[in-house]
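Chains as they are written, first to last, in my numbering: chain H, 146 to 867; chain Y, 380 to 476; chain Z, 1462 to 1583.
Just so you know, even glycine gets a beta-carbon here, dropped at the ideal spot from N, CA and C.
Predicted model, so just to flag it, every value in this text is computed and none were measured.
Report on the following structure.
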Amino acid sequence: MSLNKSEKNFKKEYFTESRELLDAMEMSLLALEKDDSDSDSINSIFRSVHTIKGNSGMFGYDKIGEFTHLLENLLVCVRNGKLDLSDEMTALFLECHDFMMNLIDYFEDDCNTDLDPDNAEVFAILAEKINGYLEHPACEAAAALSSVSEVTSCCDDEMTVCNDCWHISLRFGEKVFQEGLDPYSFIRYLTEKGEIQHIRTVSDRIPEAEYMNPELCYLGFEIDFRSTVTKSDIENIFEFVKDDCEIRILPPRTGISDYVRLIETLPEKPMRIGEMLREIGSLTSSELERALQLQSIQGKISLDETEKEFVGKILVDEKMIQKPVLEAALEKQQSVRRREESDRRTIRVEAEKLDRLINLIGELVITGSNVKQISESEEKTGLVKAVNDMSKLIEEIRGSSMGIRMVQIGETFSRFERVVRDLSRERGKKINFIVMGGETELDKTLIDKLADPLIHLIRNSVDHGIGTPEERTNAGKPAVGTLTLNAFHETGSIVIEVKDDGCGLDRDKILDKAIEQGLARADQVYQDFEIQQFIFQPGFSTAAEVTNISGRGVGMDVVKKNIESLRGNVMIESEPGEGTTMRIHLPLTLAIIDGFMVRIAGSHYVLPLDMVTECTEVHRDDLDLREGGNYINLRGDVLPFMKMREFFREKGEEPVKHKVVVVEHARRKVGLIVDELVGEFQTVIKPLGKIFNRLQWISGSTILGTGEVAYILDIPRLIQAE
Amino acid sequence: MKLRILKKKGEDDTIILTMIGELTIYTAAKLKTVLLNELKAFSRVVLNLSGIDEADTAGFQLLLFLKREAESAGKTFVIDETSARVKSIVSLYNEII
Amino acid sequence: MAKKVMVVDDSNAIRQSLVFTLKSAGYDAIEASNGAVALDLMKEHSVGLFISDVNMPEMDGLTLLKKIKEDSSYKHTPVIMLTTESSGDIIESAKKIGAKAWMIKPFQPDQLIEAVKKLFVN
């Protein structure tokens, strides 16, 4: 099967859109689980499924279409209140969601449109479950409607139409007989275009004998008409009488869902309600004209804002269209507007293209720095100025291109809701999951790499931190535990907290285990901080029994390693009985940093500028006086310091005046004593080769204009080591 | 003359009216007068429409009207025989008169 | 006695093609070349539907329409007016007289038959 390029693009779009719809569906399901009377969520789930169904049919993925159709039937029953939404049903919906996600993945990978045996089996199992619900007596009637060919979408309206018939309501003008227009010939003509299923003569307008004029027409007709013609075809039949006759043409029930689907496939451009309805054939031009006339008679102005109120209302009141069709049109109009708004703000760009741009800018930054250093040594004033200007521009380009990569973390966070839900069910726990700071922006690459470690921390909290409702009640806590995921900015870092109100880390238990596993010595006294660090040791586990999630001894060490590979770190804060907070600190971006360059003996080092809080000077003698204490007095505050010369075992004469760079990370400050402050410096972090992996205080390197290598100091580690 | 009406008295206060010609808007006004009078005079009015070769909705409406009048006056209004023309209208409109 | 369709048009070609179309569809049709001829003919025949052009010598379509509406035997008989222009003035005045059905030339034979079916009780 070969597809041309545009078809491929459409398919790609289909898969992307389906995933988005499924994400939306999952979020609504989770919302529904919290509040099962949330009709918005049911509607939103329904819309997602419905759209996927429509799209799948368009692209030939009939299996997805078939499945969504089935699911939709069940949703209709739930939405109409025919079936109550049970926890089991929500769970089934989630299963269906997962299955559809799998199908989307499967079909995208494979160019097939049919199912493999595994998927077919799941399909059958889920279909059986769904059908189990649909066999419920209350539901059978609703399902029967949809089993004909198309699903009945949203026809809980009061119209008494037969399911696949048009309903034509005619009230002839009094003068039709005199004008030579006989209703009989029109209605008979109707039978040439379809089949009259039922006709009822409405004769109650015939007046008292005295006033009854036999040459005037008092009759009306209610007709159920089965036909494949369009609404305007039907209207055309009555064109000669339309001026003095009331004609209402309502589409078949199945037609309603057709209209709803047609509305959904309308182009994504702003349209007025009337235009949309006319476009899909639900409203004929003359009906629209009449409605607009009525509107102006009622003195209502057709402004965009009031349009929704009035034209739509008139159309429904005048029985020109059914309410569900109007609602679908309004929904579409809203979604187009929303999309328009967001289109104005965002452009989708392939991540690959962006990565290439960032790489190039990285190179540009390095080259720019080289040029700057060379120009400074050349001492040509014109050149220096030009290079300075260029450097500023490069910096701006760097800044804004890094901004492009920034993505809100909220979307990633919301994925965890499902994890918490599934896990807490499995472990018999009740957990209220709170997400905060979802709008915090973070480098896209970071976000991608952060998901796994975060899931681990969350699982740990659910598994170890928060107890069962009984345990919690016994401990005098609310039965429902709270797990908070929070993101915020702090001194050039992103902080992400996973916080639970559980039992906290069991200090003694950890220590016992650590001693047992040979990580700690029984005769030594450990600080809380040190004990907490044990849980980051490979193979460490305190769980009494191993579950399929945590307690297998792989986890925290991997989390720590992953976070550190992102130049971040993990910290624990725990109060016994109060809860535990896992706090991840991360740099804002990965590839390029604003650095601050210092010299220590003969080497240059770069510190991430956003961790530098200030620079100051200390005389060598002042330091010596405090020897042993390793603290200096910084405007009355006690500041620990590290002599970097000693740290790196540099020999040679120290300068008389020490320069101190005060750095801060994770709420701890340290003064680093260096030989010289070189200045701010933009730098691209180059990962160190394998040889340098052992240099644990260095997180990367960069190449200076002179060709010299400068090392990037790993401040978080330095602070921890201090 | 578009319509001729033959009257024949029957038993039990019955009048049988045989109509020949048009049951249309052109004859409806006249028919209304004639038939309302007969309904006043007799308790049972029987129509033979087998001679009707033209009929339209105005005629059909008149039949509906007469049936209603008869019923509200507690009298009987029956159509005994019809032509194919009348049948086609009555059956299209799904009415039993 | 089945009623007939009367076609009134001064153009021989159009008249004949209309009559041909009607007869092919099973209607009994008679023809008149202008309004005056039509008035004479309708006394001899039983007409169930008129199809009339507007611009004709001797008696134009509007005058014919007026005469039909004044005739006690034909005042309730449907009339389809044929016109080449959709000029508002003529249509408006014709509507006042009582013409409800219009066909704009050129039209296809089946459009004509459709219109006839909607109006003609036979």
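Test: THR436/Y CB closer than 9 Å to a CB of chain H:
Position 57 of the second sequence holds residue 436/Y. Taking Cβ atoms only, chain H reaches closer than 9 Å to THR436/Y, which makes this a yes.
How would you label HIS803/H, buried or exposed, when you count the other beta carbons within 10 angstroms and need 16 or more for buried?
Locating residue 803/H in the first sequence gives position 658, where the first residue counts as 1. Burial call: buried.
Evaluate contact between the segment 171-191 of chain H and the segment 262-281 of chain H, counting only Cβ atoms and requiring at least three cross-stretch pairs below 8 Å.
no
Distance, Cα to Cα, GLU1531/Z vs GLN323/H?
Counting from one through the third sequence, the residue named residue 1531/Z turns up at place 70. Counting from one through the first sequence, the residue named residue 323/H turns up at place 178. Each residue's alpha carbon lies about 12 Å from the other.
Measure the C-alpha to C-alpha separation of LEU382/Y and LEU402/Y and round it to an integer number of angstroms.
Working through the second sequence from its first residue, we reach residue 382/Y at position 3. Working through the second sequence from its first residue, we reach residue 402/Y at position 23. Straight-line Cα distance between these residues: approximately 8 Å.
Three-way DSSP call (helix, strand, coil) for ASN533/H in this model:
Here residue 533/H corresponds to residue number 388 of the first sequence, with the count starting at 1. DSSP places ASN533/H in helix when its eight states are reduced to three.
In the DSSP assignment, what are the bridge partners of TRP311/H?
Along the first sequence, read from residue 1 onward, the residue named residue 311/H stands at position 166. According to DSSP, which records beta bridges pairwise, TRP311/H is partnered with PHE370/H.
Give a yes or no on contact between the segment 1465-1472 of chain Z and the segment 1497-1512 of chain Z, applying the rule of three or more CB pairs nearer than 8 Å.
yes
Please list, in chain order, all residues of the same chain as LEU385/Y whose beta carbon is under 6 Å from its beta carbon, the five residues on each side excluded.
Residue 385/Y sits at position 6 when you count from the first residue of the second sequence. Hits under 6 Å: THR397.
Distance cutoff 9 Å, beta carbons only. Does THR213/H sit that close to anything in chain Y?
For this step, residue 213/H is matched to residue 68 along the first sequence. For THR213/H, the answer is no, since every Cβ of chain Y falls outside 9 Å of its Cβ.
Can you confirm whether HIS1537/Z, when its beta carbon is compared against all beta carbons of chain Y, has any partner nearer than 9 Å?
Numbered from its first residue, the third sequence carries residue 1537/Z at position 76. Yes, HIS1537/Z counts as interfacial toward chain Y.
At 3 residues or longer, and completely inside the segment 606-651 of chain H: list those beta strand (DSSP E) runs for me, N to C.
626-635, 638-645
Measuring CA to CA, which of GLU217/H, ASP782/H, ASP232/H, LEU499/H is closest to ASP180/H?
If you number the first sequence from 1, residue 180/H lands on position 35. Of the listed residues, the one whose Cα sits closest to ASP180/H is ASP232/H.
Identified DSSP bridge partners for ILE600/H
Mapped onto the first sequence, residue 600/H falls at position 455. Its beta-bridge partners do not exist; DSSP assigns none.
How would you call ILE694/H, buried or exposed, if buried means at least 16 neighbouring beta carbons within 10 angstroms?
For the purposes of this step, residue 694/H is identified with residue 549 of the first sequence, where counting begins at 1. For ILE694/H, the predicted model reports a pLDDT of 44, less than 50, meaning its position is unreliable and no value from the coordinates is stated.
When you compare each of THR393/Y, LYS387/Y, THR412/Y, THR406/Y to TYR356/H by their alpha carbons, which one comes out closest?
Along the first sequence, read from residue 1 onward, the residue named residue 356/H stands at position 211. Taking only the C-alpha atoms, the option nearest TYR356/H is THR412/Y.
Across which residues does DSSP place PRO732/H in a beta bridge pair?
Start at 1 with the first residue of the first sequence, and residue 732/H comes out as number 587. PRO732/H pairs with SER638/H.
Decide yes or no for the touch test of the segment 386-405 of chain H against the segment 307-319 of chain H: beta carbon pairs closer than 8 Å, at least 3 of them.
yes
Does the beta-carbon distance from ALA659/H to PHE679/H come in below 9 Å?
The sequence position of residue 659/H within the first sequence is 514, counting from 1. The sequence position of residue 679/H within the first sequence is 534, counting from 1. Taking 9 Å as the Cβ cut-off, ALA659/H and PHE679/H qualify as a contacting pair.
CB contact below 9 Å: LYS1578/Z versus chain H:
Reading the third sequence from its first residue, position 117 is the one you call residue 1578/Z. For LYS1578/Z, the answer is yes, since a Cβ of chain H falls inside 9 Å of its Cβ.
State yes or no: is the C-beta of ILE1606/Z within less than 9 Å of the C-beta of VAL1540/Z?
Lying before the first or after the last residue shown, residue 1606/Z is absent from chain Z, which here runs from 1462 to 1583.
Cβ atoms of THR726/H and GLY816/H: under 9 Å apart, would you say?
If you number the first sequence from 1, residue 816/H lands on position 671. If you number the first sequence from 1, residue 726/H lands on position 581. It is not a contact, given that the beta carbons lie outside the stated cut-off.
Could you check the C-alpha separation between PRO1570/Z and LEU174/H for me, to the nearest Å?
Along the third sequence, one-based indexing puts residue 1570/Z at 109. Along the first sequence, one-based indexing puts residue 174/H at 29. Approximately 59 Å, taken between the alpha carbons.
Supposed close pair LEU513/Y, ILE341/H - CB separation, criterion 8 Å
Outside the shown range of chain Y (380 to 476) lies residue 513/Y, about which nothing can therefore be said.
Mind checking PRO1567/Z: buried by the 16 CB within 10 Å criterion, or exposed?
Taking the first residue of the third sequence as position 1, residue 1567/Z is located at position 106. Classification of PRO1567/Z: exposed, given that the 10 Å Cβ count is below 16.
If you follow the alpha helix (DSSP H) that CYS241/H is part of, which residue opens it and which one closes it?
Position 96 of the first sequence, counted from the start, is the residue given in the question as residue 241/H. From DSSP, the alpha helix (DSSP H) with CYS241/H extends over 232-254.
Give the interface partners of VAL1540/Z over in chain H, defined as CB-CB distance under 7 Å, in chain order.
Working through the third sequence from its first residue, we reach residue 1540/Z at position 79. Correct list: GLY325.
How many Å lie between HIS810/H and MET756/H at the Cα?
Within the first sequence, residue 810/H is the residue found at index 665, counting from 1. Within the first sequence, residue 756/H is the residue found at index 611, counting from 1. Their backbone Cα atoms lie some 6 Å apart in a straight line.
Cross-chain neighbours of HIS329/H in chain Z, by beta carbon under 8 Å:
Walking along the first sequence from the start, residue 329/H turns up at place 184. The sequence given here has Tyr at residue 329/H, not His. Within 8 Å Cβ-Cβ: VAL1582.
What number of angstroms, rounded off, separates the C-alpha of ASP207/H from the C-alpha of LEU361/H?
To locate residue 207/H, count along the first sequence from 1; it is residue 62. To locate residue 361/H, count along the first sequence from 1; it is residue 216. Near 56 Å, if we compare the C-alpha coordinates of LEU361/H and ASP207/H.
Using three-state DSSP, classify GLY583/H as helix, strand or coil.
Looking up residue 583/H in the first sequence gives position 438. Three-state DSSP puts GLY583/H in coil, outside helix and strand.
Using a Cβ-Cβ cut-off of less than 7 Å, list which residues of the segment 385-410 of chain H approach chain A; keep chain order.
Protein chains in the displayed structure are H, Y and Z, and chain A is not among them.
Please list the residues of the segment 388-418 of chain Y that have a C-beta atom closer than 7 Å to any C-beta atom in chain Z, keeping them in chain order.
ILE404, TYR405
Could you pull the DSSP bridge partners for LYS387/Y from this structure?
Position 8 of the second sequence, counting from 1, holds the residue named residue 387/Y. Partner(s): ILE395/Y.
Beta carbon proximity, GLU448/Y to chain Z, threshold 9 Å
Locating residue 448/Y in the second sequence gives position 69, where the first residue counts as 1. No - not a single Cβ of chain Z is within 9 Å of the one on GLU448/Y.
Do ALA746/H and ARG790/H have their C-beta atoms within less than 9 Å of each other?
Within the first sequence, residue 746/H is the residue found at index 601, counting from 1. Within the first sequence, residue 790/H is the residue found at index 645, counting from 1. Closer than 9 Å, so yes.
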